[in-house]
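K.L.:
Using this note's numbering, the first residue of the sequence shown is number 3, and each one after it goes up by one. Have a look at this one before I ask anything.
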Amino acid sequence: MAAVQSGQSETEEEKEIQPETSNDGSRTDLRPPAESPGGPASSPGAVKPSAPGEEETLRAVLRFLQKNNLSESVEILRREAGLPDEPEDQTGSESSGTGSGGQEAGGGVGDAGSLLSRVSAAPTPAAATVAAPPPPPLKVGAGDDRPDVNVVLSAYSQQGDPVLYDVYYSGLKKFIESVLDCHRAELSQVFYPLFVHMYLELVYNNHEAESKAFFEKFSGDQECYYADDLRILSSLSKKEHMRGNETLLDFRTSKFVLRISRDSYQLLKRHLQERQNNQIWTIIQEHLYIDIFDGMPRSKSQIDAMSGSLAGEAKRDSNKAKVFYGLLKEPEIEVPLDDEDEEVENEEGKPKKKKPKKDSLGNKSKKQDPNAPQQNRIPLPELKDSDKLDKIMNLKEATKRVRLGRDTLPSICFYSFLNAYQGLTAVDFTDDSSLIAGGYADSTVRVWSVTPKKLRRVKSAADLSLIDKESDDVLERIMDEKTASESKILHGHSGPVYGISFSPDRNYLLSCSEDGTVRLWSLQTFTCLVGYKGHNYPVWDTQFSPYGYYFISGGHDRVARLWATDHYQPLRMFAGHLADITCTRFHPNSNYVATGSSDRTIRLWDVLTGNCVRILTGHKGPIHAIAFSPNGKFMASGATDGRVLLWDIGHGIMIGDLKGHTDAIYTLKFSRDGEILASGSMDNTVRLWDAFKAFDELETDDFTATTGHIHLPENSQELLLGTYLTKATPVIHLHFTRRNLLLAAGAYNP
């Protein structure tokens, strides 16, 4: 019955409250645009005030427009609203300030800016039957360190009878539990954001007993993956606790995004209209962004797959930008054949020609990829002679690479750090697997050679002046044999080291620390060359670009920074995450950067423009591992929820959910040919997954990203190729050598 009524009365209700929709049916906003009071949303009956409070709000807007000399807009709004002229002296009576933006909601300092923000959050007057009366003017406390926080909090001053909050929430819960199963899963998404904002309203208005009772009664109904957020929320029991609280600001300044079918939305809207439930309707309009799509409602499993982040799902518009995920054209370098190549020992007797052949996932084609960015889209460093030699060695190694697959799993070599009493926090290998470095909680970085060749420093300047620079072995002569050792210790940080990364040419090493700096170390002199200062708080991760020169860092300040080794200031700052950035990774073509966060989202950023081109949701815990497939088309992510999620970057959609780990995942790595995905976890295991099968079976034509419907196959066990246990060593880093041997590392934890 409910579905039938929804269809019959839809046209009448659309006249009453019609959210703006784009051509594909997506919701743009529940509210009228405050920036253009006389714009397309206005009609003879759409602006005219129907209550004294609304007239007061409109007059505040008029005064604000007058103050900014927008006389034409003033006349249009006054004429359409039917308001009489106002004395000139009133325009200067309000305090100035238009507000500074948060994620999607700005906050001003003075009453005029505050009232303007109220208008942007108010329902259309045409919906007067549902809309709550406007809130009183905001009261900004004198002497507050952060007036914008005060404005943010003051939104909770518009509240009704505290006793009724329980009644409102219970009534909505009872209604949603009574609707058809197909709508219940979608409408249940509103429980969590409504619970949070109703609780915060009670706390802000000093209803301590009511807020505590409300929390105890309904917190158990929320999804388990919000447990950490609710734990923080429960500590906010007094109004004083709310000032400066980061989690609160996240809830308040970012709208919680829900993706709901049009039929489900109509049911919710009709219920709130019939019950005159102003309180809930006001919260929905101010704090929620409902992304409406046409089509069948999503199932519980489809919703659960995409939910879990701090701010709900991503808007569909967030993932529509074109991403050039293809690889850049490789420079043509002639590979000279030496005696070793011609006399290759081939025990199996297979022809040599088949060796260089690679599969579609891992092949760096010499032809221009149609999905690749332009070669000069971002400036990349020119190849030096040493780089060309290294590429030649890489190509030679590739000819001897083992072709992995379901029947040919890689060998795994595990490096256990014994007696690591300093606290091993990060590990990295060079691309050619000749060096390994570890970052420690005692502020040091240690570098080891894993080949017979020992580590040596460059000679002193006085000794270098005596060397014949024209000799063939000049590179050997400049190294000081007296300093040769198997390892080197780098001192410089004043806090635990959380992330390290070797440069592709093995000449440099990056490290980031709790001290808020990123340091660049020379592996020729084993000294610190630069200390990059930009982050204000601990830096959790850093990584070099695949082409060198550029590197990315992210930390507790929620901002990722793009740097170049020869600039002491960041080139780009990527802001948008609602919590710490815990891991950073470059795309193989170096044009994009992926960041994983404690807000349980992954964002893909365009290096050229600085724009966020993908927001991926689905993890239920902080994300600590990201890996791109060698062909740049796919991505894998791991988090504290123990799941590995697979993503199609071009479509911006989840395509796989690999379950098996029992603890947090801290490292992921694709094999060089892209056939195998390896995952390392705190559960002391390395697991191998059949990436080729996971990606090969995809039918991209069936992707229905417009409605957000995804059908994830439950094939984790089919894709799991092997599980390898360590004795008592959490796996914190994985690396595939150029011949597809898997290296793993971790600190023995008896």
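Ideal Cβ placement from N, Cα and C applies to all residues, glycine included. Computed from a predicted structure; not experimentally measured.
Pick from A629, H185, T401: whose alpha carbon is nearest that of P548?
P.N.:
A629
K.L.:
Could you tell me the distance, in whole angstroms, from the CA atom of S221 to the CA atom of G84?
P.N.:
In this structure, the alpha-carbon of S221 lies about 47 Å from that of G84.
K.L.:
Considering only DSSP beta bridges, list what Y604 is partnered with.
P.N.:
According to the sequence as given, residue 604 is Ile; it is not Tyr. Per DSSP, G598, L618.
K.L.:
Spatial neighbours of S515 within its chain, please: CB distance less than 6 Å, with the 5 preceding and 5 following residues excluded, ordered by chain position.
P.N.:
H495, G497, V499
K.L.:
Return the chain-ordered list of same chain residues with a C-beta closer than 7 Å to the C-beta of K366, the five sequence neighbours on each side being excluded.
P.N.:
In this prediction, K366 has a pLDDT of 46, which is less than 50 and means its spatial position is unreliable; nothing more can be read from the coordinates.
K.L.:
Which of helix, strand or coil does DSSP assign to H663?
P.N.:
coil
K.L.:
Does the pairing of the stretch 391 to 400 with the stretch 716 to 727 give three or more beta-carbon distances under 8 Å?
P.N.:
no
K.L.:
Who are the Cβ neighbours of Y552 in its own chain at under 6 Å, not counting the five residues just before and after it?
P.N.:
A566
K.L.:
Measuring only the C-alpha atoms, how far is P138 from T59?
P.N.:
Residue placement at P138 is poorly supported in this model, since its pLDDT is 36, which falls under 50; the coordinates are not used for a value here.
K.L.:
Pull up the CB-CB distance for G440 and L420, whole angstroms please, since I reckon it's below 8 Å.
P.N.:
Not confirmed; about 12 Å, so no contact.
K.L.:
When the Cα atoms are used, what is the spatial distance from L457 to A486?
P.N.:
Cα to Cα, the separation comes out at about 5 Å.
K.L.:
If you draw a straight line from the C-alpha of S236 to the C-alpha of Y201, how long is it?
P.N.:
9 Å
K.L.:
Give the list of continuous alpha helix (DSSP H) stretches no shorter than 4 residues that lie fully inside the stretch 425 to 505.
P.N.:
463 to 466, 476 to 479
K.L.:
For D230 and G314, I'd like the C-alpha separation in whole angstroms.
P.N.:
Rounded to the nearest whole angstrom, the CA to CA distance from D230 to G314 is 15 Å.
K.L.:
Using a Cβ-Cβ cut-off of 6 Å (strictly less than) and excluding sequence neighbours within five positions of M1, which residues of its own chain qualify?
P.N.:
Any question about residue 1 goes unanswered here, given that the chain covers just 3 to 752.
K.L.:
In this structure, does DSSP put M395 in helix, strand or coil?
P.N.:
helix
K.L.:
Work out the CA separation of Y510 and T527 for me, nearest whole Å.
P.N.:
10 Å
K.L.:
How would you write the range of the beta strand (DSSP E) that R261 sits in, first residue to last?
P.N.:
258 to 263
K.L.:
Among L238, I414, E225, H493, which residue has its Cα nearest to the Cα of D444?
P.N.:
H493
K.L.:
How far does the beta strand (DSSP E) with Y417 in it extend, from its first residue to its last?
P.N.:
414 to 419
K.L.:
Give the single residue among D517, E57, K257 whose Cα lies nearest to the Cα of V198.
P.N.:
Residue K257 is the option with its Cα nearest to V198.
K.L.:
With distances taken from CA atoms, which of P752, S266, T603 is nearest D582?
P.N.:
Distances from the CA of D582 to each of P752, S266, T603 were compared; the closest alpha carbon is that of T603.
K.L.:
Name the DSSP beta bridge partners of H737, please?
P.N.:
L745
K.L.:
So, is Q370 buried or exposed, given that buried needs 16 or more other C-beta atoms within 10 angstroms?
P.N.:
exposed
K.L.:
Can you name the residues that DSSP bridges to R521?
P.N.:
S513, G533
K.L.:
Can you give me the C-alpha to C-alpha distance between A641 and G623, rounded to a whole angstrom?
P.N.:
Roughly 6 Å separates the two Cα atoms.
K.L.:
Near L466, what residues of its chain come up, given a Cβ to Cβ distance below 8 Å and the 5 sequence neighbours on each side ignored?
P.N.:
The beta carbon of L466 sits closer than 8 Å to those of V460, I480, all from its chain and outside the five residues before and after it, given in chain order.
K.L.:
Straight-line CA distance for S320 to W607?
P.N.:
12 Å
K.L.:
So the candidates are L406, M656, P375, I335; which of them puts its Cα closest to the Cα of D387?
P.N.:
Residue nearest to D387 within the set L406, M656, P375, I335 is I335 (criterion: CA-CA distance).
K.L.:
From what residue to what residue does the beta strand (DSSP E) around F636 run?
P.N.:
If you look at F636, you'll find it in the beta strand (DSSP E) that goes 636 to 641.
K.L.:
Helix, strand or coil: how does DSSP classify T410 here?
P.N.:
strand
K.L.:
Compute the Euclidean distance between the alpha carbons of V404 and G533, then round it to the nearest angstrom.
P.N.:
40 Å
K.L.:
Starting from K219, follow its DSSP beta bridges and name the residues at the other end.
P.N.:
DSSP lists no partner for K219.
K.L.:
Between which two residues does the alpha helix (DSSP H) containing T284 stretch?
P.N.:
280 to 289
K.L.:
State the start and end residues of the unbroken alpha helix (DSSP H) segment that holds F528.
P.N.:
Element bounds for F528: n/a, residue is neither H nor E.
K.L.:
Rounded to the nearest angstrom, what separates F177 and L274 at their Cα positions?
P.N.:
So the two alpha carbons sit approximately 10 Å from each other.
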